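Quick note on numbering: the numbering used here labels position 66 of the sequence shown as 66, and the sequence is numbered without any gaps.
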Amino acid sequence: MLLFEKTSTRTRCSFEVAGYDLGMGVTYLDPGSSQMGKKESIADTARVLGRMYDGIEYRGFSQELVEELAKYAGVPVWNGLTDQFHPTQMLADLLTIEEKFGTLKGLRFTYMGDARNNMGNSLMIACAKMGLHFTACAPEALFPARELVETAKGIAAESGGSVTLTEDVKAGTRDADVIYTDIWVSMGEPDAVWEERIRLLRPYQVNAGVMANAKESAIFMHCLPSFHDTRTTIGADIAKKFGIPEMEVTNEVFESARSVVFDEAENRMHTIKAVIYATLH
Ligand code: NVA
Ligand code: CP
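Below you can see the structure in the form of structure tokens.
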């Protein structure tokens, strides 16, 4: 959890937005340093922190927890990622797409991989809101929850976008403007799920064939971290155990000129500063 103070004598962290230095103090509260939910209810902790700080960014697992923080804190609470959603990543991703294509409306966006994780859920909703044609290309077992799909379809009907779910890689990636993927096992999931997840998702790896099936102008996106080689301990371990040196995306695609992953990473910084500025000023 990150706790923000507009003026502070503690460690200062300079956020400059449009030439305006937010000059905020930032405190990091790690899970071991708080009694939240153990000896103190979320509602009580929220009210204590809300008296001391101007804003709270929560990154954790439970969506209910961040919603309860927001309900009681009395100050802006920003969702920095939960099991269900990753809204701040959406702003960086949409900005990156707009930078590349000059527009969002009408673009064909394909998400490949675990389509019911935080990224799959949030991308579906974000694309629906902004009028993109969203396709989740994944095994049926990893489709987003039916209720959320219905919500996204309702939003898309208003914006001129659409929501499609398919298991078919050829159909799902054909003529796409954006091919997006995420790691196959998310934060908080046990190591025991790797074997099953690899079995389910291997056919959905983003590789040269997938990119060739998309539009010639198509870009590749990834929120990071990524297992595109064996230069991580988990990547090396998986390569040894399952014989796959690349997982959700091949190194070739990740390093290609069509890959905009580091533009996305940079845009995380600009968009989160904008969110903080917009909600605190
Ligand atoms: N689905 C990933 C997203 C990381 C930004 C995870 O939860 O680990
Ligand atoms: N994209 C994103 O939220 O990644 P980290 O987990 O590396 O912060």
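In this text, a Cβ means the ideal position worked out from N, Cα and C, and glycines have one as well.
In this text, all values refer to a predicted model and were calculated from it rather than measured experimentally.
Per-residue DSSP class, three states only, for residue i
i: Phe-300; result: Within the shown structure, residues of the chain are numbered from 1 to 281, placing residue 300 beyond reach of any answer.
i: Met-221; result: strand
i: Cys-13; result: Because Cys-13 sits at a pLDDT of 47, beneath the cut-off of 50, its placement in the model cannot be relied upon, and the following sentence gives the value as read from the coordinates. Here Cys-13 sits in strand by DSSP.
i: Ile-244; result: coil
i: Ile-234; result: helix
i: Met-130; result: coil
i: Met-291; result: Residue 291 is absent from the structure shown; the chain starts at 1 and stops at 281.
i: Glu-5; result: strand
i: Thr-103; result: coil
i: Ala-257; result: coil
i: Ala-138; result: coil
i: Glu-147; result: helix
i: Glu-216; result: coil
i: Asn-117; result: coil
i: Met-124; result: helix
Residue range of the alpha helix (DSSP H) that includes residue i
i: Asn-251; result: 251-254
i: Val-261; result: 261-280
i: Ala-212; result: 208-213
Residue i, buried or exposed, once every other Cβ within 10 Å from all chains shown has been counted against 16
i: Gln-89; result: buried
i: Thr-45; result: buried
i: Phe-262; result: exposed
i: Asp-191; result: exposed
i: Arg-10; result: Annotation note: pLDDT 48 at Arg-10 (below 50); position unreliable, no value reported.
i: Val-193; result: exposed
i: Gly-160; result: exposed
i: Thr-103; result: exposed
i: Ser-33; result: exposed
i: Thr-232; result: exposed
i: Ala-257; result: exposed
i: Asp-93; result: buried
i: Asp-182; result: buried
i: His-283; result: The structure shown does not extend to residue 283, since the chain is modelled only from 1 to 281, so the question has no answer here.
i: His-222; result: buried
i: Met-119; result: buried
i: His-281; result: exposed
Proximity below 8 Å, CB of residue i to CB of residue j
i: Val-206; j: Arg-197; result: no
i: Val-178; j: Phe-227; result: no
i: Ala-145; j: Ala-115; result: no
i: Thr-164; j: Val-210; result: no
i: Gly-80; j: Glu-57; result: yes
i: Tyr-28; j: Arg-47; result: no
i: Gly-50; j: Val-75; result: yes
i: Ala-176; j: Lys-215; result: yes
i: Met-124; j: Ala-152; result: yes
i: Ile-276; j: Phe-4; result: yes
i: Ala-156; j: Ala-126; result: no
i: Val-249; j: Thr-96; result: no
i: Tyr-204; j: Ala-138; result: yes
i: Ile-42; j: Leu-2; result: no
Segments assigned beta strand (DSSP E), at least 3 residues, entirely inside the stretch 8-92: List check, beta strand (DSSP E) in window: 24-28, 55-58 and 77-79.
If you scan the stretch 155-206 from start to end, which runs of the beta strand (DSSP E) of 3 or more residues do you find wholly inside it? 162-166 and 178-181, all fully within the stretch 155-206.
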